[in-house]
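Number of protein chains: 2
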Amino acid sequence: MPDASPATTESIPTPALVVESSVLDANLAAMDSMLPGDRLRPHVKAFKSTDLARRLSNDGHRGFCCATPREVEGLVAAGLGDDVLLANESLDVARLGALADEALITVAIDSEATLDAAIAGGVRSVLIDVEVGLPRCGCDVDDAGRLADRARNAGLEVRGVMGYEGHLMMVMDPDEKADKVGSSMELLLRAAGDVGGDIVSGGGTGTCITNTWCTEIQAGSYTLLDTDYAKLDLPFDIALGVLATVISVNPKGWIVADAGIKSMAMDHGNPSWEHGDVFFLSDEHITLAPHDLSEWSVGDIIRLQPAHIDPTIAKHENLWLVDGERVTDRWAVDLRHW
Amino acid sequence: MPDASPATTESIPTPALVVESSVLDANLAAMDSMLPGDRLRPHVKAFKSTDLARRLSNDGHRGFCCATPREVEGLVAAGLGDDVLLANESLDVARLGALADEALITVAIDSEATLDAAIAGGVRSVLIDVEVGLPRCGCDVDDAGRLADRARNAGLEVRGVMGYEGHLMMVMDPDEKADKVGSSMELLLRAAGDVGGDIVSGGGTGTCITNTWCTEIQAGSYTLLDTDYAKLDLPFDIALGVLATVISVNPKGWIVADAGIKSMAMDHGNPSWEHGDVFFLSDEHITLAPHDLSEWSVGDIIRLQPAHIDPTIAKHENLWLVDGERVTDRWAVDLRHW
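Protein sequences appear in the order of chains A and B.
The opening residue of the first sequence carries number 162 in this note's numbering; numbering runs sequentially from there.
The opening residue of the second sequence carries number 162 in this note's numbering; numbering runs sequentially from there.
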């Protein structure tokens with residue numbers, strides 16, 4: 162990190178993540194109009210930055226969702242511990258129990274073993290995580306009530322249920338999506354009846370419009386968006402870019418920039434570039450075929466759009482906020498690792 | 162990071178990288194017998210750890226290869242700056258020129274612009290990077306001599322050439338591989354004739370046996386190997402594993418562990434698991450279909466084999482050295498970022 166803040170994108174060391182502030186602002190405003198305040202529980206796994214979390218908290222979203230104990234700890238340390246949910250199973254929860262006097266921390270459980278870990282670790286509040294069709298965590302819908310009873314008998318507060326319909330995020334047709342999300346949420350509401358409590362938590366960026374059954378939606382990617390979620394008909398635009406420097410121009414028809422697999426996640430495919438085709442990525446390189454090769458020189462700065470923001474951001478230490486070429490702020494990606 | 166060092170793999174926080182020491186030892190010995198001392202210029206981009214680099218230096222490989230300025234700086238700071246090559250084009254080389262009094266740093270150039278940056282940045286030694294078939298960096302073979310002359314006229318030492326036949330790493334048939342690598346290296350040797358100097362640098366783990374034309378081979382992945390390189394007939398085995406904790410067991414036939422896309426690179430496909438099939442990965446989860454579900458419980462520790470070590474290691478802060486279940490050491494992944 163340079164000591165002096167770069168004034169323009171030309172002086173940011175590459176590869177680097179940039180956030181177009183006006184697009185971020187519009188994404189947050191669009192979500193606020195649909196899901197104000199506690200109707201949204203922003204998922205910090207998408208962006209892993211307490212600076213962005215603080216912005217969301219100031220906008221009225223005071224409850225947060227986390228995927229790792231580290232994210233919970235970081236939010237609490239940043240004074241954002243009003244209502245933090247670890248929306249994931251973990252046996253490493255004694256570190257969260259240790260924070261129970263200074264923050265409201267709720268942990269998802271889906272088994273005797275994860276409940277035992279929560280009890281032993283001093284966790285005070287849980288949600289019962291129910292499997293609603295995604296083959297991942299979550300108990301059987303018919304087991305939720307029994308787990309809730311056991312948790313209450315052990316002195317824990319059971320605040321309700323959660324269930325993530327992650328397998329339905331990318332269903333394109335709105336009617337098909339509504340049908341399938343409805344069936345998923347029917348299971349979750351049945352579990353909620355057995356469990357009690359006020360919270361029915363679920364959803365994500367891909368179902369934030371469709372899922373009208375949950376009391377709160379767990380979305381995070383909408384803030385910065387990626388080319389994958391941009392395929393859906395959502396009121397959000399891509400705010401995140403990967404800045405790279407052109408380091409080689411080959412007259413045979415390609416250019417090479419200094420952003421590769423170590424700075425962009427590949428699980429949703431190649432990033433996109435508005436000025437040409439992406440040929441392939443190596444560890445520290447991207448080879449691009451520009452529409453017009455003559456326009457490009459070594460030293461030029463390019464901006465790429467990643468296909469999946471969550472694991473892309475987790476590779477970086479900073480998010481540079483920009484207004485076009487002007488750098489306005491830097492947010493640390495301070496919730497990385499586990 | 163816990164203060165006390167874990168004694169066994171059971172007490173390492175997951176997800177985590179483990180290195181089976183005996184396999185690492187055997188890999189290093191196998192390479193040493195083929196390419197001793199300066200015949201190998203280990204590529205630290207594969208493992209990004211000065212601890213492992215120091216081990217290689219102690220074994221007689223005192224020259225290193227880097228992909229980023231950060232890797233060069235880290236090696237120099239660790240006292241491993243006898244002969245460090247930035248085997249990549251960069252315009253951000255003044256930070257390396259600033260180290261020229263304390264280390265021998267050589268930078269690859271392939272254009273007027275990258276040569277100008279080296280001159281302006283106080284870099285003293287260069288290699289001419291030649292394109293030998295991989296559509297990435299490297300000048301045209303017929304341009305190498307001219308760039309070398311210009312560099313020498315500016316007072317720089319031109320130590321020779323490099324050319325990376327990365328497109329041939331995964332050719333399976335040995336005869337076809339020898340033919341193709343030979344054609345690639347014919348170009349590089351032609352450039353070497355025009356350029357002068359002692360060094361002809363190239364190759365990688367996939368061609369370390371085949372490439373008999375280079376004076377030194379730039380291999381790094383052989384140290385820890387991955388499932389991709391393991392497909393080739395090489396005298397190396399997989400030493401790197403990703404340790405994960407089972408957090409959910411579903412009677413429908415799957416288990417979930419706490420290692421996902423944020424802890425394993427996906428560009429070469431899914432990781433492998435010896436006890437069953439990999440169903441899919443999410444940001445922080447892997448869903449697995451075990452051969453025998455009844456063998457698995459929440460809290461079990463599993464070991465996965467990643468498909469591509471370089472970007473997998475770059476996601477982590479530590480490499481835990483193990484002898485089976487016993488933890489013997491911890492190496493920091495201290496050369497991350499740029």
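We put the beta carbon where it would ideally sit given N, CA and C, even for glycine.
Membership of proline 451 of chain A in the beta strand (DSSP E) is indicated by the continuous run 447 to 451.
Of the candidates A:Trp492, A:Asp186, A:Met192 and A:Lys476, the residue whose Cα lies closest to the Cα of glutamine 379 of chain A is A:Met192. Along the segment 350 to 380 of chain B, there is no position whose C-beta sits under 8 Å from a C-beta of chain A. Listed along chain A, the residues sitting closer than 8 Å to cysteine 298 of chain B by beta-carbon distance are Ile408, Ser409, Val417 and His446. For the pair proline 230 of chain A and isoleucine 470 of chain A, the Cα-to-Cα distance works out to about 20 Å. Residue burial annotation: arginine 202 of chain B is buried, with at least 16 other C-beta atoms found within 10 angstroms of its C-beta. Contact check between the segment 437 to 453 of chain B and the segment 377 to 394 of chain B: fewer than three CB pairs, one atom from each, fall below 8 Å, which does not count as touching. Taking CB atoms only, glutamate 435 of chain A has no neighbour in chain B less than 9 Å away.
Of the residues assessed, threonine 373 of chain A falls on the exposed side of the cut-off, its CB having fewer than 16 other CB atoms within 10 angstroms.
Shortest Cα-Cα distance from methionine 323 of chain A to any of A:Gly294, A:Arg311 and A:Lys338 involves A:Gly294.
For glycine 460 of chain B, at least one C-beta of chain A is nearer than 9 Å to its own C-beta. When 8 Å is used as the limit between beta carbons, leucine 252 of chain B is near these residues of chain A: Thr406, Ile408, Val459 and Gly460, in chain order. Distances from the alpha-carbon of phenylalanine 208 of chain A to those of A:Asp419, A:Leu386, A:Gly282 and A:Glu456 put A:Leu386 closest. Counted as a single uninterrupted DSSP element, the beta strand (DSSP E) harbouring threonine 406 of chain A occupies residues 401 to 411.
The segment 359 to 376 of chain B makes no contact with the segment 472 to 485 of chain A, as fewer than three CB pairs between them are under 8 Å.
If only complete runs of 3 or more residues are kept, the segment 238 to 274 of chain A shows the beta strand (DSSP E) at 244 to 247 and 266 to 270, in order along the chain. Counting only runs of 4 or more residues that sit fully inside the segment 286 to 315 of chain B, the alpha helix (DSSP H) segments are 305 to 314, in chain order.
The alpha-carbon separation between valine 410 of chain A and isoleucine 416 of chain A amounts to approximately 4 Å. The C-beta distance from serine 286 of chain A to threonine 489 of chain A rounds to 38 Å, too long to fall under 8 Å, and the pair is not in contact. Taking CB atoms only, asparagine 219 of chain B has no neighbour in chain A less than 9 Å away.
Chain B has a Cβ within less than 9 Å of the Cβ of phenylalanine 441 of chain A. Taking C-beta atoms as the reference points, lysine 423 of chain B and threonine 371 of chain B fail to come closer than 9 Å.
DSSP, reduced to helix, strand and coil, places aspartate 428 of chain B outside both helices and strands of the structure shown, so it counts as coil.
Residue pairing of phenylalanine 441 of chain B in beta bridges, as defined by DSSP: B:Thr448. One finds nothing in chain B with a Cβ atom closer than 7 Å to the Cβ of proline 396 of chain A; even the nearest lies about 24 Å away.
Distance from the CA atom of leucine 178 of chain B to the CA atom of leucine 404 of chain B, rounded to whole angstroms, is 6 Å. Our two residues, proline 174 of chain A and alanine 168 of chain A, have alpha carbons roughly 12 Å apart in a direct line.
Around methionine 427 of chain A, the beta-carbon contacts reaching into chain B at under 7 Å are Met427 and Asp428. In this structure, A:Ala352 is the residue among A:Leu288, A:Ala352, A:Gly299 and A:Ala264 with its C-alpha nearest to the C-alpha of glycine 306 of chain A. Under DSSP, threonine 169 of chain B shares a beta bridge with B:Arg487. The C-beta distance from isoleucine 280 of chain B to alanine 309 of chain B rounds to 14 Å, too long to fall under 8 Å, and the pair is not in contact. Contact annotation for serine 272 of chain A against chain B: Ile408, Ser409, Val410 and Val459 [CB-CB distance below 9 Å, chain order].
For threonine 275 of chain A, the chain B residues whose C-beta falls within less than 8 Å of its own C-beta are Ile408, Ser409 and Val459, listed in chain order.
DSSP, reduced to helix, strand and coil, places valine 342 of chain B within a helical segment of the structure shown.
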